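With the working numbering applied, the sequence shown has no gaps in its numbers, which climb one by one up to 199 at the end.
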Amino acid sequence: ANRKRDTDRARFLEIKEGENAIGNINSLLDNDLDVIYGGFEWAVPDKLRKQRGKNMLARRDQVASTMSLMAAGKLKGQGTITENERKMLSDAVSFLKNQDISADQARAELERVKPIFEYFMTGQRGSGNPADTQASDWAKANPNDPRAAAILQKLGAQ
Numbered sequence: 042a043n044r045k046r047d048t049d050r051a052r053f054l055e056i057k058e059g060e061n062a063i064g065n066i067n068s069l070l071d072n073d074l075d076v077i078y079g080g081f082e083w084a085v086p087d088k089l090r091k092q093r094g095k096n097m098l099a100r101r102d103q104v105a106s107t108m109s110l111m112a113a114g115k116l117k118g119q120g121t122i123t124e125n126e127r128k129m130l131s132d133a134v135s136f137l138k139n140q141d142i143s144a145d146q147a148r149a150e151l152e153r154v155k156p157i158f159e160y161f162m163t164g165q166r167g168s169g170n171p172a173d174t175q176a177s178d179w180a181k182a183n184p185n186d187p188r189a190a191a192i193l194q195k196l197g198a199q
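Here is the structure:
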C-alpha cells in the first residue's frame, strides 16, 4: 500500500512538473522575448534587471530543466517520447540557454518543443500542433493512400 501511494505521489509530481512547464512555455510565448534574448537587454546584470526580465529568465530556466529531465528519461508522462524527441529536447535546452539568439528564434524553438510537452502530458499526438492536425485530417480523408496509415500511426491516431 505504501509503495503504491509513493508511486502515485511521484506520478502526480511528474504530471505537475509537465503542466508547470507548459504553463511556463505559454507565459514566455505570451511575452516580449526581446527582454531576455538578443539586443542588449539580456546583458543587463541581474541586480539592474527589471523584475519582469528576472521572472522570464526563471521561467525559461524551469522549462530548460524539465526538458533536460524529459530528455534523460527521468520523468514518466502519459506519452513515451521517441529518441528523436529526446534529442530535440536536449538540443533545445542548449539553444534556449543561449541569450545571443534572437527573440524570434527563441519563440520558434519554444513552439517547436511545446507539442512534445503536450504529448508527454496527455499521451495524444498532435495536441495543439497545426501541422499534425492537418496531416491527421488528410490521412483520415485519404484512407486508401498507403501513406495515410503511417501518418495516423505516427500521430497515435490509429
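Note that the Cβ used here is the ideal one computed from N, Cα and C, for glycine as well. As the structure is a computational prediction, the values presented were derived from the model and not from experiment.
Buried or exposed by the 16-neighbour rule on C-beta atoms within 10 Å, applied to residue i
{"i": "Ala105", "result": "buried"}
{"i": "Ser135", "result": "exposed"}
{"i": "Ala191", "result": "exposed"}
{"i": "Ile114", "result": "Sequence check: residue 114 is Gly here, not Ile. Its Cβ having fewer than 16 others within 10 Å, Gly114 is exposed."}
{"i": "Glu60", "result": "exposed"}
{"i": "Pro184", "result": "exposed"}
{"i": "Ala180", "result": "buried"}
{"i": "Arg100", "result": "buried"}
{"i": "Gln199", "result": "Summary for Gln199: the model assigns pLDDT 43, below 50, so the residue's position carries little reliability; its value from the coordinates is reported in the next sentence. When all chains shown are included, Gln199 counts as exposed."}
{"i": "Arg188", "result": "exposed"}
{"i": "Ala42", "result": "exposed"}
Nearest-angstrom Cβ-Cβ length linking residue i and residue j, presumed shorter than 8 Å
{"i": "Ile77", "j": "Gly94", "result": "6 Å"}
{"i": "Leu196", "j": "Ala182", "result": "About 14 Å; that fails the 8 Å criterion."}
{"i": "Leu54", "j": "Arg148", "result": "29 Å between Cβ atoms; not a contact."}
CB contact flag (residue i, residue j, <8 Å)
{"i": "Gln103", "j": "Ala144", "result": "no"}
{"i": "Ile157", "j": "Glu124", "result": "no"}
{"i": "Met97", "j": "Asn72", "result": "yes"}
{"i": "Lys155", "j": "Ile66", "result": "yes"}
Option nearest residue i by Cα separation, candidates the options
{"i": "Asp152", "options": "Asp141, Ser68, Met111, Thr163", "result": "Before going on, a small fix: residue 152 reads as Glu here, not Asp. It is Ser68 whose Cα lies nearest to the Cα of Glu152."}
{"i": "Glu150", "options": "Tyr160, Ser131, Phe161, Asn185", "result": "Ser131"}
{"i": "Leu74", "options": "Lys128, Arg46, Leu137", "result": "Leu137"}
{"i": "Glu159", "options": "Met111, Lys128, Trp179, Arg148", "result": "Met111"}
{"i": "Asp141", "options": "Asp186, Ile66, Gly79, Asn43", "result": "Gly79"}
{"i": "Arg162", "options": "Gln194, Pro86, Glu58", "result": "Contrary to the premise, residue 162 reads as Met rather than Arg in this sequence. Residue Glu58 is the option with its Cα nearest to Met162."}
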